[in-house]
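Taking mature numbering (1 follows the signal peptide of the UniProt record, and there is no 0), I'd label the letters of the sequence shown as residues -31 to -1, 1 to 474.
Working notes for the structure below.
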Amino acid sequence: MLRDGNLAVMLPRRTALALLALCGLIAVGDALKCNCTACESSSYVCETDGACMASTSYIKGQEEQQVRICIPRVSLVPPGQPIYCLSAKGLLNTHCCYTDFCNSINLQIPSGIPEGKGDSWGPVELVAVIAGPVFLFCLLLIVGVLIFQHHQRNYNHRQRLDVEDPSCDHLYLAKDKTLQDLIFDLSTSGSGSGLPLFVQRTVARTIVLQEIIGKGRFGEVWRGRWRGGDVAVKIFSSREERSWFREAEIYQTIMLRHENILGFIAADNKDNGTWTQLWLVSDYHEHGSLFDYLNHYSVTIEGMIKLALSAASGLAHLHMEILGTQGKPGIAHRDLKSKNILVKKNGTCAIADLGLAVRHESITDTIDIAPNQRVGTKRYMAPEVLDETINMKHFDSFKCADIYALGLVYWEIARRCNAGGIHEDYQLPYYDLVPSDPSIEEMRKVVCDQRLRPNVPNWWQSYEALRVMGKIMRECWYANGAARLTALRIKKTLSQLSIQEDVKI
Ligand SMILES: Nc1ncnc2c1ncn2[C@@H]1O[C@H](COP(=O)(O)OP(=O)(O)OP(=O)(O)O)[C@@H](O)[C@H]1O
Ligand SMILES: [Mg+2]
């Protein structure tokens, strides 16, 4: 009986025998005896004219029993590789042979393929196959997030350095720079809206306070020193944070800087652990407010024109809208009065206290904050503010109310004008008609109901400058806001007057 050797040797021999059998070279009488697992009745032996076959298979991961059978010659097609004798890799191992009982051998599925697992995976493999990529994906995600966060932190750190790092200050705050230099740098740098925040902070924190110079509704005003120069520091109480913020915001309106508007230097909020100190630093003017100045001094005709013209220039600039990328919105002051105008050394005015101002957004024709009905100082309130008929949707209404107040300020100035050796004492507008801290109702009765206005003395007609001033005032006080002069008109009239009177500005 032939025994099968290795597969390479076996195949040609098998093929040869199959061919022999097919060609009838093996006599039918010499029937081939094979093991037969299904032939219980004939002692597990069968006879065939074809081949003996043994096969073993894996089904659902289990090794099935060996199957041994006889294959008739007619079934041995195709002759070279009869389909009965084909193996399926990893699943079925089939062996055909052509000598008696040659199929009694024990077959096994060839190794090299996951044993018994075929194409069905166990739980461990399944977990490995699914969890592996998921784990890898998560790992990549975490690494990605970490890298992103690292970059963000670096970027934020750099940004903070740009804003806060005092090492950047040297660009602006070289040791020999005075306030004037700083302001000059500002006006030529073209930013138009103030010093960078970190410079503001550094300046504010190196100011040495000297003496208190005034007290207002929102806090105290101090004179301070910075690099040998004087500055004014308005210190707001922490309750007034909104006023502090708003005033700083308005002062930093692009292109606001003007010789007749108080020069803003810095805003700073310093937390000392118990409370927050809110500072607003500005130019210092030793004469103080126009109210203080007129109380102390009378003025010449030239002095009056300088004060009046500069105040009109400041207000005209505030009111004016400048178009373009470096433009400026129209701004209404809403608290114009002699206490909120400062007098500079050269005898001109600087309009201050912009905390109640509103800005006009001309594109949408809206006002930048929701304006409340009655703000400002009651004594200086225009009739339409007192009786609440002001059209708050219309920005020009606020400008007209400012003009009414400017007229009152002009009256205060003109009274102090020394012409021909005569001048009057200082008085607040309506001093003779209302008490010292008048209520809205008291003001409304006088201004709206009785339609009274400050008295314009007849003798002013004798002096051209006072005559012009008297005329301007009346045209600022019309009950109808729209009929009043504009700041620009007043500025032009007073410019002509200054030329006539040979005033040197
Ligand atoms: N930049 C400055 N330079 C010099 N003195 C100033 C300056 N700013 C304010 N003062 C003085 O401080 C005083 C107080 O100013 P502040 O604006 O706080 O109050 P007010 O104008 O008197 O009243 P209100 O709170 O109604 O505006 C002013 O009247 C003025 O004398
Ligand atoms: Mg004030």
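All C-beta atoms, glycine included, are put in the ideal place defined by N, C-alpha and C.
Straight-line gap, residue i to residue j (C-alpha atoms, nearest Å)
i      : j    : result
G101   : H119 : 27 Å
W213   : V200 : 17 Å
I204   : V177 : 13 Å
R453   : R174 : 45 Å
M361   : E410 : 20 Å
V327   : L375 : 17 Å
L(-10) : L95  : Since pLDDT at L(-10) reaches only 40, below the 50 mark, its modelled position is unreliable, and no value is offered.
V36    : A97  : 36 Å
S282   : C369 : 16 Å
D134   : F167 : Caution applies to D134, whose pLDDT of 47 falls short of 50 and renders its modelled position unreliable; the value that the coordinates give is listed next. Those two C-alpha atoms are separated by around 8 Å.
L(-15) : V14  : Residue placement at L(-15) cannot be trusted, given a pLDDT of 43 that sits under 50; what the coordinates show is reported in the next sentence. When rounded, the distance between both Cα atoms is 21 Å.
Y53    : I38  : 11 Å
T294   : H329 : 16 Å
G296   : L225 : 9 Å
K86    : I116 : Below a pLDDT of 50, predicted positions are generally treated as unreliable, and K86, at 47, falls in that range; the measurement from the model is reported next regardless. Near 42 Å, if we compare the C-alpha coordinates of I116 and K86.
A236   : L325 : 17 Å
E180   : R194 : 10 Å
V(-4)  : G49  : Low local confidence applies: a pLDDT of 43 at V(-4) is under 50, so the model's placement there is unreliable, with the coordinate-based value given in what follows. Between V(-4) and G49, the C-alpha separation is close to 21 Å.
G59    : P47  : 23 Å
V378   : W429 : 16 Å
L311   : Q169 : 22 Å
L263   : P165 : 36 Å
W248   : G390 : 44 Å
I441   : V344 : 25 Å
T358   : D406 : 23 Å
I74    : V43  : 24 Å
CB of residue i within 9 Å of CB of residue j, strictly
i    : j    : result
N238 : E216 : no
L287 : A301 : yes
C445 : T269 : no
T346 : D304 : yes
N72  : C3   : yes
A280 : T455 : no
S331 : P298 : yes
A319 : E228 : yes
E381 : S431 : no
L76  : T68  : no
Y220 : L323 : yes
V403 : R348 : yes
S258 : G183 : yes
P423 : Y399 : yes
K314 : S467 : no
V437 : L463 : yes
Residue i: CB within 8 Å of a non-hydrogen atom of ligand 2
i    : result
S212 : no
S251 : no
A201 : no
S331 : no
S321 : Strictly speaking, residue 321 in this sequence is Ala, with Ser absent from that position. Checking every heavy atom of ligand 2 against the Cβ of A321, one is found closer than 8 Å.
S258 : yes
K347 : no
K146 : no
Per DSSP, cross-strand counterpart(s) of residue i
i    : result
E411 : For E411, which the question treats as bridged, DSSP gives no partner whatsoever.
Q31  : I28
N4   : V14
R192 : E180 and A201
D237 : W248
S258 : L311
A319 : L311
T335 : E330
I348 : Reading the sequence as shown, one finds Arg at residue 348 and not Ile. Paired residues: none, contrary to the question.
H64  : A23
A452 : Note: A452 sits in no beta bridge, so no partner.
R37  : A23
Heavy atom of ligand 1 within 8 Å of residue i beta-carbon
i           : result
H286        : no
V190        : yes
L311        : yes
K362        : no
D406        : no
R186        : yes
G198        : no
D356        : no
L231        : yes
H254        : yes
G183        : yes
residue 489 : The requested residue 489 does not occur in the structure, where the chain is confined to residues -31 to 474.
D365        : no
G304        : Going by the sequence as given, residue 304 is Asp instead of Gly. D304: yes, Cβ under 8 Å from ligand 1.
K308        : yes
Open item on the list: Under 8 Å: do the segment 253 to 270 and the segment 374 to 386 share three or more Cβ pairs, one atom per stretch?
Closed with: yes
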